[in-house]
Structure formats: C-alpha cells, structure tokens
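Colleague: Numbers in the numbering used here are just positions in the sequence shown, counted from 1, shifted up by 73. Note that beta-carbon positions come from the ideal geometry of N, C-alpha and C, so glycine has one too. Take this structure, written in structure tokens, and hold onto it; I'll ask about it next.
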Amino acid sequence: MIIEPRTRGFICLTSHPKGCEQNVIDQIEYIKSKGAIDGAKKVLVIGASTGFGLASRITSAFGSGAATIGVFFEKPPSEGRPASPGWYNSAAFEKEAHKAGLYAKSINGDAFSNEIKKQTLDLIKADLGQIDMVIYSLASPVRTHPDTGVKYKSVLKPIGAKFQNKTVDFHTGAVSEVSIEPAQGDDIENTVAVMGGEDWKMWIDDLKSEGLLSEGFTTIAYSYIGPSLTEAVYRKGTIGRAKDHLEATAFTISDSLKPLNGKAYVSVNKALVTQASSAIPVIPLYISLLYKVMKEEGIHEGCIEQIQRLFQDRLYAGTTPTDDKGRIRIDDWEMRADVQARVAELWKEATTETLPKIGDLKGYEKDFFNLFGFMVDGVDYDADVNEMVEIPGLQ
Ligand SMILES: NC(=O)c1ccc[n+]([C@@H]2O[C@H](COP(=O)([O-])OP(=O)(O)OC[C@H]3O[C@@H](n4cnc5c(N)ncnc54)[C@H](O)[C@@H]3O)[C@@H](O)[C@H]2O)c1
C-alpha cells in the first residue's frame with residue numbers, strides 16, 4: 074500500500090515501515106561510527122521500541138555487542154492498516170541485529186502486568202541465564218496496577234495554581250496562550266503511580282528474587298528537569314512529582330542491589346521530540362526555540378547521540394559522574410547558562426509571526442514526522458510498501 078501521514082492533534086495515526094527502518098539503520102550506523110563501548114553484554118530494555126529506549130537498545134547491541142531483550146507495547150499491523158511505529162522500529166532493529174549475529178528477542182505487551190514480567194523472566198532464564206543491565210524507559214499515560222487492578226491515569230498539570238503561558242501548535246505554527254487548571258483530587262498520586270518508580274522496582278525485585286541479575290548488575294531509568302520556563306507544568310507539576318519518585322526509587326533499588334555490588338542510576342536527559350513529549354503543552358514551543366539555539370551552537374543531539382554519550386562518557390567511563398542528587402546529567406548542554414539565557418530571550422519574542430524565524434519549527438516538524446517514519450531522507454514514499462511486517466524474534 075501507499076502510506077501517507079494522517080495526523081490528529083499531537084499524534085500521527087499512520088506510520089511508514091520503510092521510513093522507520095531507515096531511522097533505525099541510521100541510528101545503527103551512527104553508533105558503529107563512534108566505536109566500541111565496553112558496556113553490558115546481556116541487556117533488558119523495558120520501553121525498547123521508540124525514543125530513548127530504542128536508542129538504548131541500539132547502543133547496547135551495536136556499541137557493546139550486547140544480547141538484548143526488548144519489551145514494549147505496540148500495535149501490530151493488519152491488512153491495509155499500518156502498525157504503530159515502534160512495531161516497525163523493532164522489526165528493523167531485530168533484522169539488523171540478527172544480520173550482525175546478535176541475539177535479539179522481543180515481547181509485546183503491558184510491561185506493568187504480572188504476565189509480561191513473568192514471560193520476560195522465563196525468556197531470560199531460558200536464553201540468557203542472567204542479565205547485567207536493565208534500561209527502564211517507559212512513557213505511558215495509564216497503568217493498571219498488577220496487584221489491585223486499579224487503573225491509574227497520569228495527568229500533565231501544574232500544582233497549586235493555574236498555569237498560563239505560550240504554546241505552539243506545531244502543525245500550523247500558531248502561537249497562543251494556554252491555560253491549565255491545577256491538579257486536583259488524586260491527580261498527583263495517580264501520576265506518580267503511572268510514571269513514578271514503583272514498577273521499575275517491581276521489575277528489579279522480581280528479577281533479583283529469581284536470581285537473574287549478575288554480579289555488578291546496573292539499572293538505569295530516564296528523567297527530565299528542564300528550565301524555569303516549563304517548570305510549573307513539568308518539574309514542579311504532577312509529572313515532576315512522578316520524576317521525584319522515580320529518582321528516589323534509584324536509591325531504594327541501589328540498596329537492594331548491594332549484595333550484588335549493583336547500582337541503580339537515573340539519567341537526566343535532554344528535551345527531545347518523542348511521542349511522549351509532543352503531548353505536553355508548552356514543551357513543543359520550548360523545544361523549537363531550544364533546537365534553534367543548540368543547532369546554532371553545534372551542540373544539538375537526538376536520542377541516539379544522547380544515549381551514545383551517556384554510555385561512553387558517563388556509564389562506562391570508569392567512574393560515573395553524578396550531580397548532588399546522585400543523578401547522571403546528560404542534559405548538560407541543554408542546561409548551559411548561555412543556551413538557557415538565549416532561549417529565555419527568544420521566548421519573550423515568540424509569536425506566530427516571529428517563530429518561523431527565531432525558532433526551529435521546521436526541525437520540530439521533521440523530527441515529529443520522523444517518529445512515524447515520514448520525511449525520512451532516502452525513502453521513496455510513492456513506492457508501494459508492505460505494511461504486514463513481522464518482528465523476527467517476537468515471542
Ligand atoms: N522525550 C523527552 O524529551 C524526554 C527527556 C528526558 C527524559 N525522558 C524520559 O525518557 C523515558 C522514555 O520516554 P520517551 O520520550 O523515549 O518515550 P517514547 O514514547 O518514545 O517511548 C515509550 C516506550 O514505552 C513503551 N510503553 C509504553 N507503555 C507501555 C506499557 N504499558 N508496556 C510496555 N511498554 C510500554 C512504548 O512501547 C515505547 O517503547 C520516559 O521516562 C521519559 O520521561 C524523555
């Protein structure tokens with residue numbers, strides 16, 4: 074079939090198998106071009122199909138030659154209906170990994186559930202024995218608690234007061250005022266239940282109690298801080314509470330890993346266009362200004378460049394530098410004082426008229442469509458493409 078993008082708000086309903094494949098191949102080539110990383114050899118990636126998780130899987134496999142198991146929640150294709158992009162990404166990843174002689178298998182289902190945890194543990198037992206790294210990179214709006222069956226929904230709201238600021242509709246380029254009512258009722262608890270650290274700890278506890286973690290085992294989850302511009306709706310909002318919880322959980326997990334000389338880390342990553350971040354009001358405007366400044370400075374990175382630097386210069390650099398809260402910082406270039414000062418200036422000037430010039434709206438749009446395999450260089454979108462792609466190592 075011929076597949077074209079069909080967008081609704083901040084999501085795209087279609088995705089292109091060839092474009093997704095090309096994205097994955099480009100990321101693999103980037104990792105290969107940066108040379109070998111002396112990292113983990115048996116890696117479980119939870120949230121492995123898009124964004125930072127996919128980049129982590131690619132970096133582990135093609136940087137360190139790791140065997141990888143990927144867990145994700147993606148929609149398979151049906152005749153005439155393309156799959157979700159993470160499906161095609163995972164198919165392309167596994168095809169390339171197998172070609173390179175690397176072990177790669179995947180599990181598609183709800184990582185929050187006991188069933189998917191058990192299936193993953195059984196696979197590790199059968200195929201890998203023990204693992205030396207878990208990358209936890211889930212981004213989800215909902216979580217059904219495996220013990221109680223309660224379904225929690227996360228919200229992106231400020232806490233205490235209404236938030237009012239500029240935002241952009243990146244499809245039209247229209248800059249407008251957005252106003253978000255503060256969290257109420259159980260909003261904070263619900264968001265912490267979905268995006269906090271409880272599920273991360275459950276995974277590690279389960280793996281540990283089955284003896285599936287090797288000596289010196291490491292686990293890492295991803296967080297975000299960002300500037301004062303987005304603080305009210307991000308770091309000091311409901312999602313920020315969840316990130317506080319995730320970051321605190323790293324310490325609890327590290328304690329439990331002491332007998333194995335293991336460690337849990339949180340890495341604070343840069344703001345990037347992913348399916349998760351396009352859903353957050355205000356962030357697209359911030360990102361389009363940030364991209365402009367960072368590209369001008371020659372310090373712009375995507376997910377793959379971020380994770381390559383995280384592995385090479387932080388995690389496997391001998392000693393791992395952390396901030397005063399024990400977090401790895403790979404958002405260092407985003408948070409540079411000169412970068413932030415420039416973004417803050419541009420923010421004041423941003424209107425529908427000025428944004429095309431002062432912001433990188435085009436870059437934002439390209440990155441957004443790239444997530445779904447569209448606007449990818451080297452792909453012939455007029456050619457017929459088979460939507461019924463299989464993931465070779467899907468369990
Ligand atoms: N995008 C950013 O700007 C940014 C910046 C810093 C940190 N982070 C953090 O990085 C992490 C990953 O985010 P991302 O932006 O790469 O998101 P993403 O949307 O690209 O990826 C989310 C992944 O989680 C999987 N997933 C979602 N629900 C699932 C479920 N129930 N069961 C199994 N898999 C499920 C998806 O299949 C996908 O693989 C998040 O913790 C996010 O907060 C993101």
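Using a Cβ-Cβ cutoff of less than 6 Å, which residues in the same chain neighbour residue 169 once the five nearest sequence positions on both sides are dropped?
Modeller: The residues are 101.
Colleague: With 16 other CB atoms within 10 Å as the buried threshold, where does residue 79 fall?
Modeller: It is exposed - the Cβ of residue 79 has fewer than 16 other Cβ atoms within 10 Å.
Colleague: With a threshold of 6 Å on Cβ separation, who are the neighbours of residue 251 within its own chain once the five nearest residues in sequence on each side are excluded?
Modeller: Hits under 6 Å: 240, 354.
Colleague: Would DSSP call residue 355 helix, strand or coil?
Modeller: Correct three-state label for residue 355: coil.
Colleague: Here's the rule: buried if 16 or more other CB atoms are within 10 angstroms of the residue's CB, otherwise exposed. What is residue 159?
Modeller: The residue is buried, with at least 16 neighbouring Cβ atoms inside 10 Å.
Colleague: Take residue 378 as the anchor and find which of 87, 130, 432 has the nearest alpha-carbon.
Modeller: With distances taken between Cα atoms, residue 378 lies closest to 130.
Colleague: Hey, would you say the C-beta of residue 121 is under 7 Å away from at least one heavy atom of ligand 1?
Modeller: True, at least one ligand heavy atom lies under 7 Å from that Cβ.
Colleague: Say whether chain D places a C-beta atom closer than 8 Å to the C-beta of residue 433.
Modeller: The structure shown contains no chain D, having only a single protein chain.
Colleague: Roughly how many whole angstroms lie between the Cα atoms of residue 208 and residue 144?
Modeller: Roughly 10 Å between the two C-alpha positions.
Colleague: Under three-state DSSP, which class holds residue 339?
Modeller: Residue state, collapsed to three classes: strand.
Colleague: Identify every residue that forms a DSSP beta bridge with residue 85.
Modeller: The partner list for residue 85 (beta bridge, DSSP) reads 80.
Colleague: Starting from residue 96, follow the alpha helix (DSSP H) in both directions and report where the run begins and ends.
Modeller: Counting along the chain, the alpha helix (DSSP H) containing residue 96 begins and ends at 90-106.
Colleague: Compare the C-alpha of residue 316 against each of 334, 147, 328, 341 and name the closest.
Modeller: Looking at the Cα atoms, 341 is the closest of the given residues.
Colleague: Taking 7 Å as the cut-off, is the beta-carbon of residue 166 closer than that to any non-hydrogen atom of ligand 1?
Modeller: Outside the cutoff, so no.
Colleague: Check residue 205 in the structure and name its three-state DSSP category.
Modeller: If DSSP states are grouped into helix, strand and coil, residue 205 belongs with the strands.
Colleague: Taking only three categories from DSSP, how would you classify residue 459?
Modeller: In the structure shown, residue 459 sits in coil (DSSP, three-state: anything other than H, G, I, E or B).
Colleague: From the DSSP output, in three-state form, read off residue 298 for me.
Modeller: Reduced to three states, the DSSP call for residue 298 is coil.
Colleague: Quick check on residue 394: buried or exposed, where buried means 16 or more other Cβ atoms within 10 Å of its Cβ?
Modeller: Residue 394 should be labelled exposed.
Colleague: Tell whether a beta-carbon distance below 8 Å holds between residue 85 and residue 162.
Modeller: Not in contact: residue 85 and residue 162 (Cβ atoms no closer than 8 Å).
Colleague: Whole angstroms are fine: how far does the CA of residue 192 sit from the CA of residue 204?
Modeller: About 15 Å.
Colleague: To which residues of the same chain is residue 296 closer than 8 Å at the C-beta, ignoring the five residues directly before and after it?
Modeller: Once the five neighbours on either side are set aside, the close Cβ partners of residue 296 are 316, 319, 320, 339, 340, 341, 342, 400.
Colleague: In its own chain, which residues sit with a C-beta less than 8 Å from the C-beta of residue 213, not counting the 5 before and 5 after it?
Modeller: Counting only Cβ-Cβ distances below 8 Å, and skipping sequence neighbours, we find 146, 185, 227, 267, 268.
Colleague: Nearest by alpha-carbon distance to residue 137: which of 464, 434, 114, 176 is it?
Modeller: Residue 114 is the option with its Cα nearest to residue 137.
Colleague: Closest by CA to residue 276, which one among 450, 449, 120, 75?
Modeller: Looking at the Cα atoms, 120 is the closest of the given residues.
Colleague: Give the DSSP-derived three-state secondary structure of residue 242 in the structure shown.
Modeller: Of the three classes helix, strand and coil, the one that applies to residue 242 here is strand, per DSSP.
Colleague: Ligand 1 heavy atoms versus the CB of residue 339: any closer than 7 Å?
Modeller: No - ligand 1 has no heavy atom lying nearer than 7 Å to the Cβ of residue 339.
Colleague: Could you tell me the boundaries of the alpha helix (DSSP H) in which residue 427 lies?
Modeller: It is not in any alpha helix (DSSP H) - residue 427 carries neither H nor E in the DSSP assignment.
Colleague: By Cβ distance below 6 Å, which residues in the same chain neighbour residue 448 in space, the five residues on each side in sequence not counted?
Modeller: So the qualifying residues of the chain are 439, 442.
Colleague: Restricting to Cα atoms, I'd like to know which of 87, 307, 285 is closest to residue 237.
Modeller: Checked all of 87, 307, 285; the closest Cα to residue 237 is 307.
Colleague: Do the CB positions of residue 229 and residue 311 come within less than 8 Å of each other?
Modeller: In this structure, residue 311 lies closer than 8 Å to residue 229 by Cβ.
Colleague: My assumption, with CB atoms under 8 Å, is that residue 90 sits in contact with residue 246. Please give the rounded CB distance.
Modeller: Their Cβ separation, rounded to whole angstroms, is 29 Å, which puts residue 90 and residue 246 out of contact at 8 Å.
Colleague: Going by the C-beta, is residue 324 closer than 7 Å to any heavy atom of ligand 1?
Modeller: Every heavy atom of ligand 1 is 7 Å or more from the Cβ of residue 324, so no.
Colleague: Please confirm whether any heavy atom of ligand 1 lies closer than 7 Å to the CB of residue 124.
Modeller: Within the cutoff, so yes.
Colleague: I'd like the list of long-range same chain contacts for residue 54, defined as Cβ closer than 7 Å, with 5 residues on each side in sequence excluded.
Modeller: Nothing can be reported for residue 54, as the shown portion of the chain is limited to 74 through 468.
Colleague: Once you ignore the five residues that flank residue 366 on each side, which residues in its own chain have a CB closer than 6 Å to its CB?
Modeller: Excluding positions up to five away in sequence, the list reads 412, 415, 416.
Colleague: With distances taken from CA atoms, which of 82, 182, 106 is nearest residue 468?
Modeller: Comparing Cα-Cα distances from residue 468 to each of 82, 182, 106, the minimum goes to 182.
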